[in-house]
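Report on one structure; see the data block that follows.
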Amino acid sequence: MKHEAFHYHSLEEIRAAAEACGVNLPLSGDLSSLFEPLSLGICAAENRIALQPMEGTDGTEDGAPGELTVRRYERFAAGGAGLIWFEAVATVPEGRASAHQLMLTENNLGSFKKLVEHIKETGIRHNGYAPVLIMQATNSGRYSKPTGVSAPLIAYNCPPLEDTPLPRERILTDDALRRYSEKYARAARLAREAGFDGIDIKCCHRYLACELLSAFTREGAYGGSYENRTRFIKDAFRAAESEAGACFLTTRLNAYDGFIYPYGWGVKADGSLEVDLTEPLRLINELKTQFKIPIIDITMGNPYKNPHVNRPYDHGNYVPPEHPFEGLGRMMQGVSEIQHAYPDLPVIGSAFSYLRGFAPNLAAGMVSGGHCAMAGFGRLAFANPDFPNQLKQTGKLNKVCVTCGGCASLLRAGRCAGCVVHDREVYKL
Ligand SMILES: Cc1cc2nc3c(=O)[nH]c(=O)nc-3n(C[C@H](O)[C@H](O)[C@H](O)COP(=O)(O)O)c2cc1C
Numbered sequence: 249m250k251h252e253a254f255h256y257h258s259l260e261e262i263r264a265a266a267e268a269c270g271v272n273l274p275l276s277g278d279l280s281s282l283f284e285p286l287s288l289g290i291c292a293a294e295n296r297i298a299l300q301p302m303e304g305t306d307g308t309e310d311g312a313p314g315e316l317t318v319r320r321y322e323r324f325a326a327g328g329a330g331l332i333w334f335e336a337v338a339t340v341p342e343g344r345a346s347a348h349q350l351m352l353t354e355n356n357l358g359s360f361k362k363l364v365e366h367i368k369e370t371g372i373r374h375n376g377y378a379p380v381l382i383m384q385a386t387n388s389g390r391y392s393k394p395t396g397v398s399a400p401l402i403a404y405n406c407p408p409l410e411d412t413p414l415p416r417e418r419i420l421t422d423d424a425l426r427r428y429s430e431k432y433a434r435a436a437r438l439a440r441e442a443g444f445d446g447i448d449i450k451c452c453h454r455y456l457a458c459e460l461l462s463a464f465t466r467e468g469a470y471g472g473s474y475e476n477r478t479r480f481i482k483d484a485f486r487a488a489e490s491e492a493g494a495c496f497l498t499t500r501l502n503a504y505d506g507f508i509y510p511y512g513w514g515v516k517a518d519g520s521l522e523v524d525l526t527e528p529l530r531l532i533n534e535l536k537t538q539f540k541i542p543i544i545d546i547t548m549g550n551p552y553k554n555p556h557v558n559r560p561y562d563h564g565n566y567v568p569p570e571h572p573f574e575g576l577g578r579m580m581q582g583v584s585e586i587q588h589a590y591p592d593l594p595v596i597g598s599a600f601s602y603l604r605g606f607a608p609n610l611a612a613g614m615v616s617g618g619h620c621a622m623a624g625f626g627r628l629a630f631a632n633p634d635f636p637n638q639l640k641q642t643g644k645l646n647k648v649c650v651t652c653g654g655c656a657s658l659l660r661a662g663r664c665a666g667c668v669v670h671d672r673e674v675y676k677l
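Numbering-wise, the sequence shown is residues 249 to 677 according to this note's numbering.
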């Protein structure tokens with residue numbers, strides 16, 4: 249179904265259109281909640297604005313930050329966000345999503361160290377504070393493309409994602425999974441040495457750790473029961489904990505995959521696509537009590553198969569099966585339920601960019617209403633890296649994401665990703 253393109257001029261219009269889709273968005277005209285500090289115990293964020301991890305596919309072949317990586321984070325740091333959730337960084341070469349995905353190793357530790365220092369210094373110079381900086385450690389699993397050619401490492405054959413089942417040798421053995429979970433020890437040591445404040449054991453968007461959460465049909469130690477399906481992420485946390493030192497542990501977690509049971513996590517087991525947060529809430533509680541995570545970043549969906557769940561939009565070739573307000577409503581509802589279940593654990597919400605210039609109003613309403621502690625912005629940060637300072641100084645944004653999907657298309661093509669609308673001297677489709 250083709251939906252009307254974004255054409256709203258006021259909060260009232262958005263509220264009415266969302267309500268017509270059965271969605272109640274907590275929009276606020278008062279943005280002040282976004283500029284309150286947030287303590288994470290061991291460190292503090294100056295404000296409630298987080299930049300979500302956004303892969304730029306601009307690392308060097310050995311995985312070090314390239315020139316465009318440095319440019320991107322310099323702009324992010326100058327922009328004034330309280331927290332930067334640094335993009336996906338591979339833990340093993342065969343688990344890279346592209347030949348230019350970042351990968352932190354002993355050989356390139358120096359360049360990561362330099363970048364982290366530069367981010368912190370830039371924040372202090374421009375704004376008087378450094379952003380909290382979290383590195384996202386990943387194994388791309390099903391979406392591994394280390395040389396630019398797809399070379400999937402999967403947890404199980406998943407019909408909603410495959411036209412024909414992938415060959416058996418693509419399914420990782422229990423032994424291989426155990427070895428991959430152990431790799432997070434080295435990732436945590438290197439992240440700590442590079443100077444990151446925290447390390448994220450990435451568990452979202454159907455990359456390896458996330459795919460295992462829905463491995464209902466897999467046999468052996470990593471499939472079937474809740475304990476088995478969550479074994480990998482917990483082992484990865486344990487491994488990371490052994491080397492993380494002062495670097496805190498956290499995760500960017502899918503609360504809902506958007507695929508039917510038995511191929512989805514966070515979904516009702518009745519053949520519908522309805523959200524069921526029972527298992528995600530159980531896992532969050534375990535990570536909170538066992539690994540003392542000081543913050544969690546919540547997201548949903550799969551950017552390849554159901555991008556409307558992951559990042560609501562109204563442009564591009566793929567026509568979403570639901571109105572973007574429905575995707576936005578699902579995300580906000582899930583984030584809010586998790587925050588209300590664990591009020592002492594700061595939750596970061598995702599997917600605000602669809603609302604263009606009104607995204608900060610939803611963010612402020614979510615924060616002031618206690619639905620999340622921080623609002624995380626992805627595409628908006630590509631479009632307008634200075635947006636936190638702009639909001640603080642003027643209450644308005646002069647450039648917003650138009651949800652054209654250009655940045656995601658660049659990423660899929662293995663090209664350097666950025667905003668093809670507002671940064672078009674650098675990024676072209
Ligand atoms: C080009 C591009 C790169 C992305 N890279 C990552 C990534 O490295 N890690 C991650 O967890 N999410 C990644 N995402 C998802 C975003 O962090 C975010 O969840 C999504 O864009 C929805 O938020 P938004 O509406 O503010 O854009 C990426 C999205 C895009 C479009």
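Glycine included, C-beta positions come from ideal geometry on N, C-alpha and C.
This one's a predicted model, so the numbers in the text were calculated from it and none came from an experiment.
Whole-number beta carbon distance between residue j and residue i, since they are thought to touch under 8 angstroms
{"i": "Val340", "j": "Tyr404", "result": "Wrong, their Cβ atoms sit about 20 angstroms apart, outside the cutoff."}
{"i": "Pro407", "j": "Tyr511", "result": "7 angstroms"}
{"i": "Ala631", "j": "Ser276", "result": "Not really, about 22 angstroms apart at Cβ, beyond 8 angstroms."}
{"i": "Ala266", "j": "Phe573", "result": "4 angstroms"}
{"i": "Ile449", "j": "Thr499", "result": "5 angstroms"}
{"i": "Tyr675", "j": "Leu658", "result": "6 angstroms"}
Bridge partners - residue i, DSSP secondary structure assignment
{"i": "Arg500", "result": "Asp545"}
{"i": "Gly446", "result": "Ile382 and Phe496"}
{"i": "Trp333", "result": "Ile382"}
{"i": "Leu286", "result": "Ala293"}
{"i": "Val523", "result": "Val515"}
{"i": "Gly624", "result": "Ala298"}
{"i": "Cys451", "result": "Leu501"}
{"i": "Ile596", "result": "Asp545 and Met622"}
{"i": "Ile508", "result": "In the DSSP output, where bridge partners are listed per residue, Ile508 has none listed."}
{"i": "Met579", "result": "Note: Met579 sits in no beta bridge, so no partner."}
{"i": "Ala338", "result": "Met351 and Thr386"}
{"i": "Ile262", "result": "None; Ile262 has no bridge partner."}
{"i": "Ile419", "result": "Ile402"}
Near ligand 1: residue i beta-carbon under 7 angstroms from a heavy atom
{"i": "Met580", "result": "no"}
{"i": "Ser601", "result": "yes"}
{"i": "Glu284", "result": "no"}
{"i": "Leu628", "result": "yes"}
{"i": "Arg559", "result": "yes"}
{"i": "Arg477", "result": "no"}
{"i": "Lys647", "result": "no"}
{"i": "Lys735", "result": "Nothing can be reported for residue 735, as the shown portion of the chain is limited to 249 through 677."}
{"i": "Phe625", "result": "yes"}
{"i": "His556", "result": "no"}
{"i": "Arg604", "result": "no"}
{"i": "Arg427", "result": "no"}
{"i": "Cys655", "result": "yes"}
{"i": "Met302", "result": "yes"}
{"i": "Ser598", "result": "yes"}
{"i": "Pro551", "result": "yes"}
{"i": "Glu574", "result": "no"}
{"i": "Glu335", "result": "yes"}
{"i": "Thr547", "result": "yes"}
{"i": "Ala435", "result": "no"}
8 angstroms CB neighbourhood of residue i in its chain, flanking five on each side removed
{"i": "Ala298", "result": "Ala329, Gly330, Leu331, Ile332, Trp333, Asp545, Ile596, Met622, Ala623, Gly624 and Phe625"}
{"i": "Phe606", "result": "Tyr256, Leu259, Ile262 and Leu275"}
{"i": "Glu459", "result": "Gly389, Arg390, Ile402, Ala403, Tyr404 and Cys406"}
Cβ neighbours of residue i in the same chain (closer than 6 angstroms, five flanking residues each side left out)
{"i": "Pro551", "result": "His453 and Asn558"}
{"i": "Ser388", "result": "Gly343, Ala345 and Tyr455"}
{"i": "Asn375", "result": "Gly328"}
{"i": "Leu420", "result": "Leu401"}
{"i": "Glu430", "result": "Ala487"}
{"i": "Tyr509", "result": "Val515 and Ala517"}
{"i": "Cys451", "result": "Ala457, Cys458, Ile481, Thr499 and Leu501"}
{"i": "Ala253", "result": "Asp562"}
{"i": "Ser636", "result": "Note that residue 636 is Pro in the sequence shown here, rather than Ser. Cβ within range, chain order: Ile297, Gly327, Gly328 and Ala329."}
Chain-order list of residues whose beta-carbon lies under 7 angstroms from that of residue i (same chain, five-residue window excluded)
{"i": "Asn476", "result": "Ala469 and Tyr470"}
{"i": "Gly289", "result": "Pro542"}
{"i": "Ala503", "result": "Gly514, Leu525, Pro528, Ile546, Met548, Gly582 and Ile586"}
{"i": "Ser554", "result": "Strictly speaking, residue 554 in this sequence is Asn, with Ser absent from that position. For Asn554, where only same-chain residues beyond five positions count, the Cβ hits under 7 angstroms are Gly506."}
{"i": "Ser392", "result": "Glu342, Gly343, Arg344, Ala345, Ala399, Pro400 and Leu401"}
{"i": "Thr370", "result": "Glu322, Ala325 and Ala326"}
{"i": "His670", "result": "Ala631, Asn632 and Lys647"}
{"i": "Pro560", "result": "Pro572, Gly575, Leu576, Ala599 and Tyr602"}
{"i": "Pro413", "result": "Asn405"}
{"i": "Ile372", "result": "Ala378"}
Three-pair Cβ contact test at 8 angstroms for the stretch 659 to 677 versus the stretch 346 to 357 | yes
Count the C-beta pairs between the stretch 476 to 490 and the stretch 425 to 439 that are closer than 8 angstroms, then say yes if the count reaches three, no if not.
-> yes
Given 8 angstroms as the limit, is there contact between the stretch 310 to 325 and the stretch 362 to 371, that is, 3 or more CB pairs closer than that?
-> yes
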